[in-house]
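279 is the number of the first residue of the sequence shown in this note's numbering; add one for each residue after it. Let me begin by presenting the structure, written as structure tokens, before commenting on it.
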Amino acid sequence: MARAPQPSLPPESAATTGGPSPHEAGGILTIDLGAVAANYKLLRGRVTPAECAAVVKADAYGCGIDQVTATLSRAGCQTFFVAHLSEARRVRAIAREAVIYVLNGFSSAAGAGFVETYARPVINSLVELAEWDHFVATSGYAGSAALHVDTGMNRLGLTIEEAAAIAAHIRSESHHVALLMSHFAGADRPAHPLNDQQIRQFREVRSLFRGIGSSLANSSGIFLDASAHCDLVRPGIALYGGNPIPGKPNPMQPVIELKAHILQVRNLGKGAAVGYGSTWTAKRESRIAVIAAGYADGISRAAAITEGAKPREVNVAGKRCRMVGRISMDLLALDVTDLPVSAVRRDQMVTLIGDGMTLEDVAAQAGTISYEVLTGLGPRYHRVWKG
Ligand SMILES: *Cc1c(COP(=O)(O)O)cnc(C)c1O
279 MARAPQPSLP
289 PESAATTGGP
299 SPHEAGGILT
309 IDLGAVAANY
319 KLLRGRVTPA
329 ECAAVVKADA
339 YGCGIDQVTA
349 TLSRAGCQTF
359 FVAHLSEARR
369 VRAIAREAVI
379 YVLNGFSSAA
389 GAGFVETYAR
399 PVINSLVELA
409 EWDHFVATSG
419 YAGSAALHVD
429 TGMNRLGLTI
439 EEAAAIAAHI
449 RSESHHVALL
459 MSHFAGADRP
469 AHPLNDQQIR
479 QFREVRSLFR
489 GIGSSLANSS
499 GIFLDASAHC
509 DLVRPGIALY
519 GGNPIPGKPN
529 PMQPVIELKA
539 HILQVRNLGK
549 GAAVGYGSTW
559 TAKRESRIAV
569 IAAGYADGIS
579 RAAAITEGAK
589 PREVNVAGKR
599 CRMVGRISMD
609 LLALDVTDLP
619 VSAVRRDQMV
629 TLIGDGMTLE
639 DVAAQAGTIS
649 YEVLTGLGPR
659 YHRVWKG
């Protein structure tokens with residue numbers, strides 16, 4: 279497929295800290311850009327000769343779209359995927375020469391935005407294709423688009439029948455279709471028969487669109503066999519340290535570390551309850567550390583913290599302690615009774631992610647997935663981008 283020329287200028291440097299100052303923030307989120315670059319290189323090495331793009335939607339999964347884009351551009355990444363045009367604008371400001379695809383598609387109203395950012399829409403339906411054709415014809419816009427064909431996700435994309443019906447027509451230059459793509463519904467479960475079925479169906483569709491580059495694999499798809507790689511892969515979560523092969527050792531380097539302050543340590547008599555709704559009651563004389571992070575900071579309240587539920591843990595001075603009571607908007611409580619009194623002090627920091635608490639641990643305990651943990655991390659942390 280046509281590749282963008284090498285950037286003529288080094289990407290603009292992005293801020294290395296963000297959010298409130300460390301003294302005013304409840305917690306500190308550290309993002310290791312060296313690890314993002316290392317993860318990118320590992321994935322790229324795995325898929326060569328296919329091209330490795332990067333998915334940086336949702337603020338690069340909460341890791342900072344400006345910083346991540348600059349880092350990956352420097353590492354040689356030339357193609358970026360975002361969900362929204364507003365995100366394409368951020369990428370364009372940093373990666374001036376990159377190819378940028380907007381996954382959520384095209385509408386006539388957004389036409390001017392595509393011209394302005396020189397971004398490529400991912401066409402997800404025949405209606406979008408008609409609007410795109412009309413836009414290209416009336417505006418004279420010379421930019422390209424991707425065509426998304428659904429092979430089993432049943433979310434966005436043309437049906438296989440629709441794609442087959444328009445294939446001959448699309449291969450003519452005037453449509454500016456530069457990429458044919460599809461998306462796995464469950465590549466994180468390699469044994470699932472749907473993966474092979476999607477690979478097979480996508481291969482058939484590709485044969486109708488000869489001469490147009492193709493893309494199927496997300497992070498987990500890269501770890502299926504090479505038949506999933508096609509011309510371009512689209513990893514997101516693996517770049518940010520999430521495990522693309524659940525149940526097996528994570529080949530990616532961890533990217534984020536999240537710490538938060540202890541605001542107060544208090545003693546509780548047996549029978550005292552903690553938090554809204556009094557959902558947890560001390561069965562013994564207890565010590566509770568109150569932490570400056572809550573559901574407004576992405577610590578999900580949904581998973582119950584009740585007797586018998588899966589424990590949700592935080593690392594305090596090297597030891598895992600349980601969250602107790604409901605998560606509040608700005609606060610959560612930990613049972614630190616088993617730690618020496620001197621080991622838990624006001625102002626000390628505890629580790630919510632990192633120090634052996636993996637993203638997957640945290641996600642499993644919260645009843646969700648690493649993606650949601652990352653993208654939920656709120657704006658109130660002091661952010662540090664290192665590397
Ligand atoms: C988000 C997204 C990706 C990236 O998926 P990961 O599982 O994070 O690697 C790739 N392709 C499409 C269409 C997406 O929406």
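No residue lacks a Cβ here, since even glycine has one placed at the ideal position from N, Cα and C.
The region 490-500 makes contact with the region 439-458, as at least three CB pairs between them are under 8 Å. With a contact defined as Cβ atoms closer than 8 Å, ALA538 and GLY305 qualify at about 3 Å.
For GLY656, the secondary structure class from DSSP, reduced to helix, strand or coil, is coil. Taking the Cβ of ALA516 as the reference point, at least one heavy atom of ligand 1 falls within a distance shorter than 7 Å.
Using a 10 angstroms sphere on the CB of GLN356, the tally of other CB atoms reaches 16 or more, which defines it as buried. Partner residues in the beta bridge of TYR379, as assigned by DSSP, are PHE359, ARG398. Residue pairing of LEU307 in beta bridges, as defined by DSSP: LEU536, ARG661. Shortest Cα-Cα distance from ASN496 to any of ALA516, GLN479, ARG478 involves ALA516. At a Cβ-Cβ threshold of 8 Å, GLU409 and PHE392 do not count as neighbours.
The shortest CA-to-CA distance from PRO618 to any of ILE577, ILE566, PHE487 is the one to ILE566.
Between the C-alpha atoms of THR629 and LEU536 there is a straight-line separation of about 6 Å.
Exclusion of PHE358 from the 7 Å shell around ligand 1 follows from its C-beta lying no nearer than that to any non-hydrogen atom of the ligand. The alpha-carbon separation between VAL533 and THR636 amounts to approximately 10 Å. Boundaries of the alpha helix (DSSP H) around ASP337: 335-339.
Annotation for ARG512 indicates a beta carbon within 7 Å of some heavy atom of ligand 1. Beta-carbon to beta-carbon, LEU434 and HIS426 are separated by about 6 Å, close enough to satisfy the 8 Å threshold.
For VAL405, no beta strand (DSSP E) segment is defined; the enclosing uninterrupted segment is the alpha helix (DSSP H) at 404-417. As the crow flies, the alpha-carbon of ASP575 is around 5 Å from that of LEU655.
Residue burial annotation: ARG322 is buried, with at least 16 other C-beta atoms found within 10 angstroms of its C-beta.
Contact annotation: GLN531 and GLY519 have beta-carbon atoms nearer than 8 Å. Straight-line measurement puts the Cα of THR349 at about 7 Å from the Cα of LEU311.
Pairing CYS599 with THR615, the inter-Cα distance amounts to about 9 Å. Contact between the region 413-421 and the region 387-402 is present: 3 or more CB-CB pairs across the two stretches fall below 8 Å. Judged by DSSP in its simplified three-state form, VAL602 adopts strand. Taken in chain order, the whole alpha helix (DSSP H) runs of length 4 or more contained in the region 433-464 are 438-448. In the DSSP assignment, LEU546 forms a beta bridge with SER564. In the three-state scheme derived from DSSP, where H, G and I count as helix and E and B as strand, SER422 is classed as coil. Straight through space, the alpha carbons of TYR318 and ARG484 are spaced by roughly 26 Å. Unbroken alpha helix (DSSP H) stretches of 4 residues or longer found wholly inside the region 487-530: 497-500, given in chain order. With respect to ILE477, SER505 sits close: the two C-beta atoms are nearer than 8 Å. Restricting attention to alpha helix (DSSP H) runs no shorter than 4 residues, the region 606-650 encloses them at 637-644, ordered along the chain. No heavy atom of ligand 1 is found nearer than 7 Å to the CB of HIS362.
Around GLU329, the same chain offers LEU510 as residues with beta carbons nearer than 6 Å, after the five sequence neighbours per side are excluded. When beta bridges are read from the DSSP output, ILE569 appears opposite ILE540, LEU610.
Cβ contact annotation for LEU610 (same chain, cutoff 7 Å, sequence separation greater than five): ILE569, ALA571, GLY572, ILE577, MET601, in chain order. By the neighbour-count criterion, in which a residue is buried when 16 or more other Cβ atoms sit within 10 angstroms of its Cβ, GLU365 is buried.
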